[in-house]
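The block underneath contains the structure these notes are about, expressed in structure tokens.
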Amino acid sequence: MRIFLAAVLAAALALSSAHAQPPSADWRTIETPRFRIHHPVEATAWAQHVAARIEAIRDRVIAVVGHEPTQIVDVMIMDPAATANGSAWPFTGAPRMVLWTTPPASDAVIGHYGDWPTLLIAHEDVHLVHMLRERRGDGLGAQLDRLLPAGPITRRVPRWLIEGYATRLEGALTGWGRPNGDLRAAILRRWAQHGRLPRYDRVSSIGGPWRNGSMAYLAGSAFVEWLMMRAGGGAAGEDAERALWARLTAVEARSFDDAFAGVYGAPPRALYDRFRAELTYVALDLERQRRAEMPDPIGADDGGGDILWQDLSWTTGRPALTPDGARLAIVLRAQNAPPRLVVWSTEDRTAADAQARREAIERLRARDPEDVPAVRRGPRARTPLHVLPGRDGTSPHDPRWLPDGAALLFMRRE
Numbered sequence: 014m015r016i017f018l019a020a021v022l023a024a025a026l027a028l029s030s031a032h033a034q035p036p037s038a039d040w041r042t043i044e045t046p047r048f049r050i051h052h053p054v055e056a057t058a059w060a061q062h063v064a065a066r067i068e069a070i071r072d073r074v075i076a077v078v079g080h081e082p083t084q085i086v087d088v089m090i091m092d093p094a095a096t097a098n099g100s101a102w103p104f105t106g107a108p109r110m111v112l113w114t115t116p117p118a119s120d121a122v123i124g125h126y127g128d129w130p131t132l133l134i135a136h137e138d139v140h141l142v143h144m145l146r147e148r149r150g151d152g153l154g155a156q157l158d159r160l161l162p163a164g165p166i167t168r169r170v171p172r173w174l175i176e177g178y179a180t181r182l183e184g185a186l187t188g189w190g191r192p193n194g195d196l197r198a199a200i201l202r203r204w205a206q207h208g209r210l211p212r213y214d215r216v217s218s219i220g221g222p223w224r225n226g227s228m229a230y231l232a233g234s235a236f237v238e239w240l241m242m243r244a245g246g247g248a249a250g251e252d253a254e255r256a257l258w259a260r261l262t263a264v265e266a267r268s269f270d271d272a273f274a275g276v277y278g279a280p281p282r283a284l285y286d287r288f289r290a291e292l293t294y295v296a297l298d299l300e301r302q303r304r305a306e307m308p309d310p311i312g313a314d315d316g317g318g319d320i321l322w323q324d325l326s327w328t329t330g331r332p333a334l335t336p337d338g339a340r341l342a343i344v345l346r347a348q349n350a351p352p353r354l355v356v357w358s359t360e361d362r363t364a365a366d367a368q369a370r371r372e373a374i375e376r377l378r379a380r381d382p383e384d385v386p387a388v389r390r391g392p393r394a395r396t397p398l399h400v401l402p403g404r405d406g407t408s409p410h411d412p413r414w415l416p417d418g419a420a421l422l423f424m425r426r427e
């Protein structure tokens, strides 16, 4: 409950700063049988697009989740920060859905979609249909439960499952989203190869290292898919999910771990550790196969492999080459520094780097003949030809060279 109330407070603070559409703006409302869609007049076309699809999406969500809420949902359409986002607020008496109109960038982890409103509605409506279940029965416990602003699933289910389940269904219901893109698999595989997959007590966290706040979506949805296969896959896997929600809203009060173990045969922590071990094994096996094909990923190409050109941390954007291939533009991000757009030369520096390393080793041994030079790990960092830092927290993205190769076009949302 503490987490839920903190999230509500954070949302209230965020919405209070949404000065792009203040209460004094020209707001309109579109009503459908189960939704009231509120939008500023500037977003009329977007809102009409939502209204034309939201009821059909709700029917598909109900069919999969196995529950039909009776409440009318108020949908707020806004664009306060020129970024892609949305949220669902399953208050038992007055559920809300918030949709931000700006679509994600093409290199975002959720950038695999055909229609952004459809993908966004599917994810957020799964939250509502899933978490608006009430506890069954008429006993004192159930009556007291109904006085609370959030139902038993909202209060008891950890974030990895709330977001992981909605993310799994965003893919199953639309054919797009994170489960059907390549970035989720790439990120999880890379983390597994480095032994960095989050522990069970970290997979639901909001802050922390790179992508850690997103692990509830990425690792959570992959774990939910793994649980589906463990339960038999297909209809059997969906039946197991519905059984978990039924056990959590039963007349008999149960903890999340008890309800989970009663469906999947073991506590969630134990099964997550097994999932993490299997994912790591597959990732390392792929790495071994790749090394067999490419014995020296840092040295020269052996004729059938690739060369590791730069080993970067945090997040990069999609690179763009000049028409002649002489320069490369890319957006680099860091944990404690503003994002920046850099331009590198693509000149082959293999011989120069090898010479520089030999000279450094000679200088080291001249000072101390018994010293041992460090093992080389990855290619040397390249010095940018040009750097354009981010400004006011906004990041440049999607750089593209113009045909003459002398000018660079990029986007920055403000």
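Start counting the sequence shown at 14; every next residue gets the next number (our numbering).
Idealized CB from N, CA, C, for every residue including glycine.
Asked, Found
"Inter-stretch contact at 8 Å, needing at least 3 Cβ pairs: the region 279-291 / the region 175-184", "no"
"Alpha carbon of A23 to alpha carbon of S100, nearest angstrom", "Low confidence applies here, because A23 scores a pLDDT of 43, under 50, leaving its location unreliable; read the following figure in that light. Cα to Cα, A23 sits roughly 12 Å from S100."
"Buried or exposed (CB count within 10 angstroms, at least 16 for buried), G188", "exposed"
"Residue environment, L182, which counts as buried when at least 16 other CB atoms sit within 10 Å", "buried"
"N-terminal and C-terminal residue of the beta strand (DSSP E) that W113 is part of", "R109 to W113"
"Continuous alpha helix (DSSP H) stretch holding V122: start and end", "No alpha helix (DSSP H) contains V122, which DSSP labels as neither H nor E."
"Proximity below 8 Å, CB of R340 to CB of S358", "yes"
"Where the beta strand (DSSP E) containing L401 begins and where it ends", "H399 to P402"
"Contact belief for L412 with F423 at Cβ below 8 Å, rounded distance in angstroms", "With the sequence shown as reference, residue 412 is identified as Pro, and Leu is not the correct amino acid for it. Rounded, the Cβ-Cβ distance is 4 Å, consistent with contact."
"A65 to E44 span [Cα, whole Å]", "11 Å"
"Within 8 Å, strictly: CB atoms of P392 and D298", "no"
"Bridge partners - S100, DSSP secondary structure assignment", "V111"
"Cβ-based burial, A367 [other Cβ within 10 Å; buried from 16]", "exposed"
"Backbone secondary structure at G293 - three-state DSSP", "Sequence inspection shows Thr at residue 293; the Gly mentioned does not correspond to that position. Here T293 sits in helix by DSSP."
"Touch test, the region 70-83 against the region 122-138, Cβ-Cβ under 8 Å, three pairs minimum", "yes"
"DSSP bridge partner residues for R353 (one or two, in chain order)", "L345 and P402"
"Where R378 falls, given that 16 or more other Cβ within 10 Å makes a residue buried", "exposed"
"Residue from D252, I70, A350 and A290 whose Cα sits closest to the Cα of G208", "A290"
"Beta-carbon proximity list for T475, same chain, < 6 Å, skipping 5 on both sides", "Any property of residue 475 remains undetermined from this structure, which presents the chain solely from 14 to 427."
"Alpha-carbon to alpha-carbon, R404 and A420", "20 Å"
"L321 versus R390 - alpha carbon distance", "11 Å"
"Same chain, Cβ closer than 6 Å to P211, neighbours up to 5 away in sequence not counted", "M228"
"Which of helix, strand or coil DSSP assigns to T262", "coil"
"V122 vs L196 beta-carbon contact at 8 Å", "yes"
"Neighbour-count burial assignment, P165, 16 or more Cβ in a 10 Å radius", "buried"
"At least three beta-carbon pairs within less than 8 Å, the region 259-271 to the region 141-155", "yes"
"Reference A365; option with closest CA among R395, G330 and G338", "R395"
"7 Å CB neighbourhood of R172 in its chain, flanking five on each side removed", "S217 and A229"
"3 or more residues per run - each beta strand (DSSP E) lying fully within the region 34-111", "40-45, 48-53, 86-91 and 99-102"
"Under 8 Å between C-beta atoms of P280 and F288", "no"
"Sub-8 Å separation of I50 and V111 beta-carbons", "no"
"Enclosing alpha helix (DSSP H) for R203 [first to last residue]", "L196 to Q206"
"Proximity to W113 [Cα-Cα], best of G194, Q34, A69 and I374", "Q34"
"C-beta contact flag for Y213 and R243 at 8 Å", "no"
"Assumed close pair V400, V355 - CB separation to whole angstroms, cut-off 8 Å", "5 Å"
"Rounded C-alpha distance that separates A205 from G233", "14 Å"
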